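Q:
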Amino acid sequence: MNALDQIFISVQHGMAGLAPAPLQPLVLMLLSIAGLMAVFGSCFALTTILERKILGRMQNRFGPNRVGPCGFFQPLADGVKMLTKEDIVPFSADKALHFLAPVALTVPVWLAFAVLPFGRNMSAIEMDAGILFFFAIGSASELAVFMAGWSSQNKYSLVGAMRAIAQMISYEVPLVLAGVPVLMAAGSLSLPDIVQAQSNFVWGFVPRWNVFTPWGLAGFALFLIAAAAESNRCPFDLPEGESELIAGFLTEYSGFKYALFFLGEYLGLFAVTGLAVTLFLGGWQAPAPWLQWFPSWGWFTAKFGALIFLFIWARATLPRLRLDQLLNFAWKFLVPLALINLFVAALWWKVPAAMPVRWLLCAGLLVVPFVWLARIWNGTKPTQRHYDYAG
Amino acid sequence: MPGEIAFYLIAVFTVAFAAAAMTLRRLVHCALCAAAAFAGLAMIYLQLDAEFVGFAQLLVYVGAIAILIVFAVLLTRGDEVAPGNKQSSPSWMAGAAVAALVLAAMAVAILHSPSLHRLAPSGAEAPVRRIGGELMTRYILPLEMIGVLLTGALLGAVVIAMRDEPETKQPARDVAPKPAEPLEALNSR
Amino acid sequence: MSAPLSHYLILSALLFSIGFAGAVARRSAIIVLIGIELMLNAANLNFIAFWRYGPHPEALTGVMFVLFSIAIAAAEAAVGLALVIAIYRQRKTIQVDRLDSLKG
Amino acid sequence: MKYPVQYLWLIPALPLLMAGLGALLKRDQRRLAASLAIGGVAVSWLLSSVAFFTNLSAHPFRQTWSFNWFDLADTTVPLGWVLDPLTAIMLMMVGLLALLIFIYSLGYMAHDWNFTRFFCFMSLFAAAMLGIVIANSLLLLFICWELVGLSSYLLIGFWYEKPAAAAAAKKAFITTRIGDIALLLGMLWLYSQSGTLLFYDHGHGCLEQSSLARLAAATTVGGMALSTAIALLIFAGAVGKSGQVPLHVWLPDAMEGPTPVSALIHAATMVAAGVFLVARAYPLMSAGPHPAALQVITWVGAITAVFAAAIAVAQNDIKRIIAYSTISQLGYMMMGLGVGGVAVGMFHLITHAFFKSLLFLGAGSVIHGCHGEQDIRKMGGLRKLMPWTFATYAVGMMALCGVPLFFSGFWSKDDILRAAWAWPVSTVPFCLGAAGAFLTAFYMTRQASLVFLGKPVDAASPAHESPPVMTIPLAILAVFAVLVGFLGTPAWPWFHSYLNGESASLEPAALIAGPQLALLLLSTVVVGAAFFLGWRIYGKAALQSSREIDPMQKSLPGLFGLLQNKLFIDEIYAATFLRLNAAFARFADWMDRVIWGGAVNALSALTVLCSRLNRSFDDSGINAGFDLGCAELRGAGGFLSWMQNGRVQRYLRIAGLGLGLLLLALIWGCK
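Residue numbers (the numbering used here), protein chains in the order written: chain A, 11 to 401; chain B, 922 to 1110; chain C, 122 to 225; chain D, 24 to 694.
(1) By alpha-carbon positions, which one of D:447, D:411 and D:282 ends up nearest to residue 363 of chain D?
(2) Once you ignore the five residues that flank residue 513 of chain D on each side, which residues in its own chain have a CB closer than 7 Å to its CB?
(3) Take the Cβ of residue 155 of chain A as the centre, count every other Cβ of all protein chains shown within 10 Å, and call the residue buried at 16 or more, exposed below.
(4) Along the region 154-170 of chain C, where does the CB come closer than 8 Å to a CB of chain B? Name the residues.
(5) For residue 212 of chain A, which beta-bridge partners are listed by DSSP?
(6) Nearest chain B C-beta to residue 212 of chain C closer than 8 Å, yes or no?
(7) Assuming residue 122 of chain D and residue 75 of chain D form a contact by the criterion Cβ under 8 Å, report the distance between their Cβ atoms to the nearest whole angstrom.
(8) Along the chain, which unbroken stretches of the alpha helix (DSSP H) at least 4 residues long are found entirely within the region 249-279 of chain D?
(9) According to DSSP, is residue 106 of chain D helix, strand or coil?
(10) Does the beta carbon of residue 943 of chain B sit closer than 8 Å to a beta carbon anywhere in chain D?
(11) Please report whether the beta-carbon of residue 685 of chain D lies at a distance below 8 Å from any beta-carbon of chain E.
(12) Bridge partners for residue 90 of chain D per DSSP, in chain order?
(13) Using a Cβ cut-off of 8 Å, which residues of the region 1049-1079 of chain B contact any Cβ in chain D, in chain order?
(14) Can you find a C-beta in chain A that's less than 8 Å from the C-beta of residue 969 of chain B?
(15) For residue 1016 of chain B, which residues in chain D fall below 7 Å Cβ to Cβ?
(16) Could you check the C-alpha separation between residue 1077 of chain B and residue 497 of chain D for me, to the nearest Å?
(17) Considering Cα atoms alone, identify which of C:145, C:136 and C:129 is closest to residue 680 of chain D.
(18) Would you call residue 347 of chain D buried or exposed, if buried means 16 or more other Cβ atoms sit within 10 Å of its Cβ?
(19) Go through its chain and collect everything with a Cβ distance to residue 930 of chain B's Cβ below 7 Å, but skip five positions before and after it.
(20) By how many angstroms is the C-alpha of residue 456 of chain D removed from the C-alpha of residue 355 of chain D?
(21) Around the Cβ of residue 129 of chain A, are there at least 16 other Cβ atoms within 10 angstroms (buried) or fewer (exposed)?
(22) Comparing alpha-carbon positions, which option in A:82, A:12, A:216 and A:69 lies nearest residue 328 of chain A?
(23) Rounded to the nearest angstrom, what separates residue 429 of chain D and residue 1072 of chain B at their Cα positions?
(24) Using the beta-carbon count (16 or more within 10 Å), is residue 91 of chain D buried or exposed?
(25) Starting from the C-beta of residue 557 of chain D, find all residues in its chain whose C-beta is less than 6 Å away, skip the five residues before and the five after it, and write them out in chain order.
(26) By how many angstroms is the C-alpha of residue 243 of chain A removed from the C-alpha of residue 41 of chain A?
(27) Evaluate residue 1089 of chain B with the Cβ neighbour count: other Cβ atoms within 10 Å of its Cβ, from every protein chain shown; 16 or more gives buried, anything less gives exposed.
(28) Cα-Cα, which of D:303, D:146, D:188 and D:184 is closest to residue 223 of chain D?
(29) With a Cβ-Cβ cutoff of 8 Å, do residue 224 of chain A and residue 378 of chain A count as a contact?
(30) Which word fits residue 98 of chain D, buried or exposed, when buried means at least 16 other C-beta atoms lie within 10 angstroms of its C-beta?
(31) Rounding to the nearest angstrom, what Cα-Cα distance links residue 199 of chain D and residue 135 of chain D in this structure?
(32) Please work out which residues of its chain come closer than 6 Å, Cβ to Cβ, to residue 431 of chain D, disregarding the five sequence neighbours upstream and downstream, and give them in chain order.
(33) Can you pull the chain D neighbours of residue 200 of chain C, defined as C-beta to C-beta under 9 Å?
(34) Hey, would you say residue 2 of chain D sits closer than 8 Å to residue 418 of chain D, going by beta carbons?
(35) Give a yes or no on whether the minimum CB-CB distance between residue 679 of chain D and chain C is below 8 Å.
(36) Is residue 140 of chain D helix, strand or coil when you go by DSSP?
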């Protein structure tokens, strides 16, 4: 069991052992990077085809089914098409920024994977302030989006970029705030520590994951919603709404650069999903004591896959929001709830652990504002909006 | 030795982008270069073992301030460069001279200081846990003040930048929160 | 991790002077603000360098100071840029040499 | 009940809290805003009374309490409060007046749509003023001092939609700032010399013996004692705040604010803060064998007293007359401090606070009754229409003029005149003081006749009496305006003994001892003569229906015109400031083009410099004839305005230049 659990680590060290001693740290690092890029690169390919097939099933049609067995070579075909397409740069574009934007979007996202623990002892860098690193790196992608939108010198691109930035800024607040109670619970910013803090079981079988507390559950929901918005997933994908903005800041991109954006978005989704797993679902911990024989990275993958499926499902189910609804939802609903959640989490650790009372108190403190806020915002009629540019 | 090389690389990177941020013609380029310079500084902090500060720098400067600057550039149409419009103020030479004077003075001061060749003591680190502890005990009052200050700045910025509604009689519309505002302004272009 | 302290200080002085030159020589208020941010950052770098090279790195004073300074810089940038936008609305320009209504 | 001194901060903290709460209220929560403000100031007045009575029986009579505000390396910066007779008296006065004026404002501001904001600002002011009073540290005093200035600015400009009010607010703020800079310099200097800013600190404070002796022994430029130099800088701050010549210009304009503001801030408390500051720092002012600072204070005070009284004679705005009267009375206080010490000046401060706020509130009542009319030429006959206002106003007026025996102003002014008479340096201040007393009685007679006597004209005809919420505070103040005087008669100088920490005894014989009786008679005669003259000129005029032209204007047009235009001080300032500003602007232009542009033709640049300097000398030479004091002021102002061309980058550049030079100086200094 232990061998299986640590198989990747053993392989990595075994390979690094072939290199001369002074270079070994470097080789270890390079192997981590290569592993991450290989796994998540193929994960990207797999997800695109699975998403299309699942969406097809949910919409009562076949997905892609021509290329390869059951259409599973579709990503390869797409990739070949993308890479061989002509790279068009608009005449009036700011050439340098136009070139740099996809790079600036993709690189930070790859970096974010460095701190995620994918299994026991399996994180590329063990960092004291890991989660801070994650969010700090993530903030760079906003500038990349702006670069893309502005350098295209195209109104739709600029508007799309501005929408994307507004959305990312707005949803970053609830995203971080929803994660903070977990940090408080673990008393650390380091992701392996956070996973470790969720080991053990209550009464011998209920895992001590954060999602099994009132504040954890609420935080998990908030986190998922904000994560969907952060990675421009449906129902929050209006920055690139093809029907309104002809794909927003992506309008002027084609070929390989477009593929990079595409890759960057999916990788962003993977990274933030991995973080959700780590923060709320116990990371690589097994869900029951008698299931611990299964390797830790296996559990991580399972939880990860389940969450990705959830996102695909949401895409098939929910319609796209309007911009003002989107922002109001962030600032007037998610942020207050996240703050209340923060308070409840603090209360949770101060109230003596007499289980039912603590549960009822904290759950009540969360449910009441939730219902109240929901009623308020449900009750308001959509207001007439004036679009000056339309006429 | 690798540390030293890394430092010089980052230092050159930072200074180059800072200089570019101050000299380029288009404001958007300036803002982006400034963001790069801020990121370079964050790397220097990391290189100095101040992990937390480095990430905070990245989060605040690249994630927030750079975005703010970019928004401000777009909202004030600062990116539109008219052909005959000079970008430097009439007495820019005086400014440059004073800056050079300041640099010279500081350089002289630094080069004369006794700590010229001091090397870093090993083992210095600022663990997050200790920073948190200090913030909650010794620096609690400054922390509170910063909280108040940020709240005040937030409110103040919203109030200052808020557009004066032309007709005040109309009942208050569903006022969109701050990030929505620039968009509306943009839409109206 | 072996560059001497003075190199960090020189780097900081350079950044400070660049920021200063930009702040006094450019016409756009936004560049002036960026320059000021650069100057602040140069000061922060000094704090971190002195903390790292100082005799008491366990005291964390430099780190704390920089954290607070970053927070204040954020507030400053928010208010400053809001002012720039407000001024633009009022005067249709953000060139600092044309904003001289406080002329004595 | 004892009041522990370490809780003294509660007194200003309460109004401050109320100001904070008031700032959060919505515009239509008027009742709540007013009750918060009045409640806050009432409770802090009650606390003040407790503190006062504690202090009455306290032993020793001065208690202090201090704490460390913050530490900076080895330096600690302490703040603290002091409870001594000076504080206690001022606390009582400020608290009571603030309470009465707050109540009065309920009526006066009833129709204002910014009612809540008004009370918020007033509370802020009350907090800051009480803070000044309790401060045991020049630093804390300075902080509150600036807060007071800020709230004064806010309140003068309360009706900011009126351009005059906005301009007056700006003027007040900037003019007092000139004095404040001097105060700041004095404070820094004091700190660098004595190492502490605490006034009293168990023998280590900057106003205590050890430090005073050191300061008085050291000398600085021109052989002046260090203590004198610092004292003069601090006094410059007081000059700005208390509207002494030459920084008095802001006070009359400050009347653009609502009348309760004028009563509280620009008559009773804030302008008296300057006097209070001098009284607080009196040990410093009088340190050494030759306290030159006191002489300066005396002269400035005496000149202000006559100067402002003379201008008041020819004004037509009911509030402006009282404003100039305030300046004049503040001059008396300064003079009293200079010639007679703390008790003499402070006694006049207290009595003046009551009767002057009474007058202001009375004037406010008149304005309120006449629907906003402020021109006394358009009033008349209000005696019958507004009986309460008239009666209380008459009391205030007689107190101000110093009508013998029963009115407080008589005793306090007599005190000052007596001290001036006994002043060994010169008798001129005494004569100036007597002249001022004459002028005071004269202009008050003029004002009262025109407003209250005769038949109603124009605006006055539909006048009505103010509501009780306004007249009751008037009545209370009137009672105080009479009674307070008996606390400090020569026969029973309780006030003076209390301030000095002694106990008073009743000695009726002191009334007629020495020159006392003669002085009493003299001031009676002066006041009587002024009343008579005023009545002769204006009593009859009041009976005529139309008085577009003042009777004095008919007989003495030149003098009257001069006075009516406030001796052209504003115009002179404007002309000189502008002129010099232009000269310096040219200088700045030259700097930019020649020095920075390139030193290629340095020789010709030198010639240009010479010729330009020559020309600016010529320009100001033609304008000669203006006295030396103004010229110096002009220079300073001109220099400041050269630096203030309104462009931030110039400021930044100067700052950078300063930084560079400072660094270089430090480097060379270290070698």
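All C-beta atoms in this analysis are idealised placements derived from N, C-alpha and C, irrespective of residue type, glycine included.
Please read these numbers as outputs of a predicted model, since none were measured by experiment.
A: Taking the geometry as given:
(1) Here residue 363 of chain D is taken as the residue at index 340 of the fourth sequence, counted from 1. Answer by Cα proximity: D:447.
(2) As a first step, residue 513 of chain D is located in the fourth sequence; it is residue number 490 there, counting from the start. Excluding sequence neighbours, residue 513 of chain D sits near 533, 534 and 539.
(3) Numbered from 1 along the first sequence, position 145 holds the residue referred to as residue 155 of chain A. Counting C-beta atoms within 10 angstroms of its own C-beta, residue 155 of chain A has 16 or more neighbours from the protein chains shown and is therefore classed as buried.
(4) Residues 154, 155, 156, 158, 159, 162, 165, 166, 169 and 170.
(5) Looking up residue 212 of chain A in the first sequence gives position 202. According to DSSP, residue 212 of chain A bridges with A:216.
(6) Within the third sequence, the letter at position 91 stands for residue 212 of chain C. For residue 212 of chain C, the answer is no, since every Cβ of chain B falls outside 8 Å of its Cβ.
(7) Numbered from its first residue, the fourth sequence carries residue 122 of chain D at position 99. Numbered from its first residue, the fourth sequence carries residue 75 of chain D at position 52. About 14 Å; that fails the 8 Å criterion.
(8) Fully contained in the region 249-279 of chain D are the following alpha helix (DSSP H) runs of length 4 or more, in chain order: 249-265 and 273-276.
(9) What you label residue 106 of chain D is simply residue 83 of the fourth sequence in a count that begins at 1. Residue state, collapsed to three classes: strand.
(10) As a working mapping, residue 943 of chain B is identified with position 22 in the second sequence. It does not; no Cβ of chain D falls within 8 Å.
(11) Among the protein chains of the structure shown, namely A, B, C and D, there is no chain E.
(12) Residue 90 of chain D sits at position 67 when you count from the first residue of the fourth sequence. Beta bridge pairing from DSSP links residue 90 of chain D with D:102.
(13) For the region 1049-1079 of chain B, which is checked against every Cβ of chain D, not one residue is closer than 8 Å.
(14) Working through the second sequence from its first residue, we reach residue 969 of chain B at position 48. For residue 969 of chain B, the answer is no, since every Cβ of chain A falls outside 8 Å of its Cβ.
(15) What you label residue 1016 of chain B is simply residue 95 of the second sequence in a count that begins at 1. In chain order: 672 and 676.
(16) One-based indexing of the second sequence puts residue 1077 of chain B at position 156. One-based indexing of the fourth sequence puts residue 497 of chain D at position 474. Here the C-alpha atom of residue 1077 of chain B lies approximately 41 Å from the C-alpha atom of residue 497 of chain D.
(17) Position 657 of the fourth sequence, counted from the first residue, corresponds to residue 680 of chain D. The candidate whose alpha carbon is nearest that of residue 680 of chain D is C:145.
(18) Taking the fourth sequence and counting its residues from 1, the one referred to as residue 347 of chain D is at position 324. Around the Cβ of residue 347 of chain D, a 10 Å sphere holds 16 or more other Cβ atoms; the residue is buried.
(19) Along the second sequence, read from residue 1 onward, the residue named residue 930 of chain B stands at position 9. Cβ neighbours of residue 930 of chain B beyond the five flanking positions: none.
(20) The count along the fourth sequence starts at 1 and reaches residue 355 of chain D at position 332. The count along the fourth sequence starts at 1 and reaches residue 456 of chain D at position 433. Pairing residue 355 of chain D with residue 456 of chain D, the inter-Cα distance amounts to about 7 Å.
(21) By 1-based counting over the first sequence, the position of residue 129 of chain A is 119. Within a 10 Å sphere around the beta-carbon of residue 129 of chain A sit 16 or more other beta-carbons, which makes this residue buried.
(22) Taking the first sequence and counting its residues from 1, one reaches residue 328 of chain A at position 318. Checking every option, the nearest Cα to that of residue 328 of chain A belongs to A:69.
(23) The residue you call residue 429 of chain D lines up with position 406 of the fourth sequence. The residue you call residue 1072 of chain B lines up with position 151 of the second sequence. The straight-line gap from Cα to Cα measures roughly 57 Å.
(24) Here residue 91 of chain D is taken as the residue at index 68 of the fourth sequence, counted from 1. By the neighbour-count rule (16 or more Cβ atoms within 10 Å), residue 91 of chain D is not buried but exposed.
(25) Sequence index remark: in the fourth sequence, residue 557 of chain D carries index 534 (1-based). Closer than 6 Å at the Cβ level, and outside the excluded window around residue 557 of chain D, lie 465, 468 and 469.
(26) Numbered from its first residue, the first sequence carries residue 41 of chain A at position 31. Numbered from its first residue, the first sequence carries residue 243 of chain A at position 233. Near 31 Å, if we compare the C-alpha coordinates of residue 243 of chain A and residue 41 of chain A.
(27) Numbered from its first residue, the second sequence carries residue 1089 of chain B at position 168. Any answer about residue 1089 of chain B is weak, because its pLDDT of 46 lies below 50 and its placement is not dependable; what the coordinates show is given next. Looking at its Cβ environment, which holds fewer than 16 other Cβ atoms inside 10 Å, residue 1089 of chain B is exposed.
(28) Taking the first residue of the fourth sequence as position 1, residue 223 of chain D is located at position 200. Nearest of D:303, D:146, D:188 and D:184 to residue 223 of chain D, Cα basis: D:303.
(29) The residue you call residue 224 of chain A lines up with position 214 of the first sequence. The residue you call residue 378 of chain A lines up with position 368 of the first sequence. Cβ atoms of residue 224 of chain A and residue 378 of chain A: not closer than 8 Å.
(30) If you number the fourth sequence from 1, residue 98 of chain D lands on position 75. Looking at its Cβ environment, which holds fewer than 16 other Cβ atoms inside 10 Å, residue 98 of chain D is exposed.
(31) Taking the fourth sequence and counting its residues from 1, one reaches residue 199 of chain D at position 176. Taking the fourth sequence and counting its residues from 1, one reaches residue 135 of chain D at position 112. Answer to the nearest angstrom: the Cα atoms are 28 Å apart.
(32) Residue numbering aside, residue 431 of chain D sits at position 408 when the fourth sequence is read from its first letter. 374, 422, 504, 507 and 508.
(33) Here residue 200 of chain C refers to the residue found at position 79 of the third sequence. Under the 9 Å cutoff, chain D gives no residues; its nearest Cβ is about 15 Å from residue 200 of chain C.
(34) Limits of chain D in this structure are 24 at one end and 694 at the other, which puts residue 2 of chain D out of reach.
(35) In the fourth sequence, residue 679 of chain D corresponds to position 656, counting from 1. Chain C, which has a Cβ nearer than 8 Å to the Cβ of residue 679 of chain D, makes this yes.
(36) Sequence index remark: in the fourth sequence, residue 140 of chain D carries index 117 (1-based). Of the three classes helix, strand and coil, the one that applies to residue 140 of chain D here is helix, per DSSP.
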